Amino acid sequence: MKTLLTGIFIIAIALFLAGCAGQQNTIIPTGQVVGVPGPAGVNGSDGETGATGSTGETGETGETGETGETGETGETGETGETEYVAQTSNTDIVNMRFSDVTIKTGDTVTWTNQDTEQHTVSSDSGNELNSPVMENGQTYSHTFTVAGTYTYHCSIHPSMKARVTVED
Ligand SMILES: [Cu+2]
């Protein structure tokens, strides 16, 4: 008898609970049962932000360093080639002899007769050198414009021979 009453009591409680659940649920047309949302929790308030510290003072500017020594001046560049300035080469005719001479193209050779004998400056071939008869103290000049070796002699004394070498 007591067991039966207990069972009925339990069933009653179950029905009561089921009834409560039914009242708390909302039946929507689609048939889905949606629980009623509970109240939103209260968020705790954030703590106050601390005051920003003051900016420190700017440090003093350092002293300016000493200026470095000035570098040495560079060497002057070499001068480019300059145009050759023609020269005059003086040669004496003395003691019945000529002297060999070497010059550069464009130079002039001037012969001076230092002997009491007469002499000439005459090319061995051609007439590049063709002086008149030179008395003592007279001169003869000739400018060479083409490089080469020019042999000559005295037309009065054929054994007197020499050469002018003209370099580039
Ligand atoms: Cu001569």
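Residues in the sequence shown are numbered from 1126 upward in steps of one, following my numbering. Positions of the beta carbon are idealized from the N, C-alpha and C atoms, including for glycine. Please read all numbers here as calculations on a predicted model, not as lab measurements.
{"Item": "I1281: CB within 7 Å of a non-hydrogen atom of ligand 1", "Value": "yes"}
{"Item": "Assigned secondary structure, H1267 (DSSP; H/G/I helix, E/B strand, else coil)", "Value": "strand"}
{"Item": "Alpha carbon of V1258 to alpha carbon of T1245, nearest angstrom", "Value": "5 Å"}
{"Item": "Cα-Cα separation, T1227 to L1254", "Value": "15 Å"}
{"Item": "Cross-strand partners of G1273 (DSSP beta bridge)", "Value": "V1291"}
{"Item": "Contact check, T1290 vs S1266, beta carbons under 8 Å", "Value": "no"}
{"Item": "DSSP three-state assignment for S1284, whether helix, strand or coil", "Value": "coil"}
{"Item": "Best match in E1242, E1185 and T1198 for proximity to I1218 [C-alpha to C-alpha]", "Value": "E1242"}
{"Item": "Boundaries (first-last residue) of the beta strand (DSSP E) holding D1217", "Value": "T1213 to I1218"}
{"Item": "Between the CA atoms of H1282 and S1214 - distance to the nearest angstrom", "Value": "23 Å"}
{"Item": "For V1258, three-class secondary structure by DSSP", "Value": "coil"}
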